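A short worksheet on the structure shown next.
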Amino acid sequence: MMVLQEVIQMAKKIVELDQLRDEIWEEFAKAAGDDAYELLRKVQNSL
Numbered sequence: 001m002m003v004l005q006e007v008i009q010m011a012k013k014i015v016e017l018d019q020l021r022d023e024i025w026e027e028f029a030k031a032a033g034d035d036a037y038e039l040l041r042k043v044q045n046s047l
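Quick note on this note's numbering: the sequence shown kicks off at 1 and runs consecutively.
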């Protein structure tokens with residue numbers, strides 16, 4: 001099992017990534033406009 005410190009570091013990284021995702025989504029939504037969600041899903045499904 002991982003050491004508690006490593007688990008805490010992983011949790012912090014997840015929180016940081018979640019915050020970054022929110023920031024990127026805001027920028028993307030502004031740039032893509034009303035079609036942002038649909039465009040994101042199309043790109044996601046093509047990967």
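Cβ atoms here follow ideal geometry from the backbone N, Cα and C, with glycine treated the same way. None of these values were measured; they are calculated from a predicted model.
Is DSSP giving Val7 helix, strand or coil here?
Translated into the one-based positions of the sequence shown, residue 7 becomes position 7. It is helical.
Taking only the alpha-carbon atoms, compute the straight-line gap between Glu6 and Ile14 and give it to the nearest angstrom.
For the purposes of this step, residue 6 is taken as the residue at position 6 of the sequence shown. For the purposes of this step, residue 14 is taken as the residue at position 14 of the sequence shown. When rounded, the distance between both Cα atoms is 12 Å.
Can you tell me whether DSSP reads Leu47 as helix, strand or coil?
Mapped onto the sequence shown, residue 47 falls at position 47. Leu47 falls in the coil class under three-state DSSP.
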